[in-house]
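Notes for the one structure printed next.
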Amino acid sequence: MRGLAITALALAVTGCGGDIDRARTSVASHLKDPDSAKFRNERQVSDVAVCGEVNGKNTFGAYSGFAQFLAMKRPGGFDVIIDPNMTDRFAGSVCGYAKAETDAKTEVKAPQPVLEIPGVRWSVQLASVSSEEKAEAISRDLVSSGWRPYTTRSDGKSRVFVGPFSTRAEANAQMDDLARKKAFNGFVLRYQEPAASGK
Numbered sequence: 001m002r003g004l005a006i007t008a009l010a011l012a013v014t015g016c017g018g019d020i021d022r023a024r025t026s027v028a029s030h031l032k033d034p035d036s037a038k039f040r041n042e043r044q045v046s047d048v049a050v051c052g053e054v055n056g057k058n059t060f061g062a063y064s065g066f067a068q069f070l071a072m073k074r075p076g077g078f079d080v081i082i083d084p085n086m087t088d089r090f091a092g093s094v095c096g097y098a099k100a101e102t103d104a105k106t107e108v109k110a111p112q113p114v115l116e117i118p119g120v121r122w123s124v125q126l127a128s129v130s131s132e133e134k135a136e137a138i139s140r141d142l143v144s145s146g147w148r149p150y151t152t153r154s155d156g157k158s159r160v161f162v163g164p165f166s167t168r169a170e171a172n173a174q175m176d177d178l179a180r181k182k183a184f185n186g187f188v189l190r191y192q193e194p195a196a197s198g199k
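Residue 1 is where the sequence shown starts when you use full-length UniProt numbering, and the numbers rise one by one after that.
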């Protein structure tokens, strides 16, 4: 009897791990670079659903940040929802990320009045990479799409920016546009004149 209980327990544990492993494979296949996938907080929330967070590299080889995912079992695999902004109500209800958190994120996305500082110009930092070649590739792609990029290099890192912009509101709008069109998770900061070695 004891042997049967141990076997049943081993099968139960193996079964859960198997679903999570298969869900990881399905989720990774939805990323730009499946081999770069990093997972955390995975859990099986029902017989047919696996939830967790995934991070993967974008087209330029930079990690784009952890995003919630839901993998629903179907015959022959999983249907996958990757929800980086936590706005998918179905995934949120199955995976249990708080409605209040989702509502708060939605409210943050609403246009907010921006306090401008006279005479200050702004930039959007899009990437920080160790490879100068990768930074140049990102810059070339941005130029071909109509943006004005520049790069700086310090502490062994090349940083890619767009700008400068005369107002923070304009920089915020460009940051949002780049997130939509190029999947960059940039941030706005005060413009500093690039050093002579920058581009």
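Cβ atoms here follow ideal geometry from the backbone N, Cα and C, with glycine treated the same way.
Sequence-distant residues of the same chain with beta carbon closer than 8 Å to residue i, five excluded per side
i, result
"residue 60", "127, 129, 134, 137, 138 and 141"
"residue 19", "44, 50 and 73"
"residue 65", "55, 84 and 185"
"residue 181", "145"
"residue 174", "124, 147, 162, 163 and 165"
Cβ-based burial, residue i [other Cβ within 10 Å; buried from 16]
i, result
"residue 45", "exposed"
"residue 149", "buried"
"residue 27", "buried"
"residue 123", "buried"
"residue 159", "buried"
"residue 187", "exposed"
For residue i: DSSP bridge partner residues
i, result
"residue 72", "49 and 79"
"residue 39", "54"
Start-to-end residues for the beta strand (DSSP E) that takes in residue i
i, result
"residue 66", "Here residue 66 belongs to no beta strand (DSSP E), and DSSP marks it neither H nor E."
Cutoff 7 Å: residue i Cβ touching any chain C Cβ
i, result
"residue 81", "The structure shown contains no chain C; it is built from a single protein chain."
Continuous alpha helix (DSSP H) stretch holding residue i: start and end
i, result
"residue 90", "89 to 95"
Beta-carbon contacts of residue i that lie in its chain and below 7 Å, excluding the five residues immediately before and after
i, result
"residue 91", "68, 70, 81 and 83"
"residue 30", "80 and 82"
"residue 193", "none"
"residue 120", "190"
"residue 88", "81"
"residue 32", "56, 57, 58 and 59"
Neighbourhood of residue i by C-beta, 6 Å cutoff - its chain only, sequence neighbours within 5 removed
i, result
"residue 145", "none"
"residue 183", "58"
"residue 34", "28"
"residue 1", "At residue 1, the pLDDT of 48 sits below 50, so the modelled position is not reliable; the number obtained from the coordinates is stated separately. Within the same chain, residue 1 has no close Cβ partners at all."
"residue 147", "162"
"residue 40", "53"
"residue 132", "158"
Any beta strand (DSSP E) of 3 or more consecutive residues that is wholly inside the UniProt domain "SPOR" (116 to 191): Whole beta strand (DSSP E) segments, 3+ residues: 122 to 129, 149 to 154, 157 to 165 and 187 to 190.
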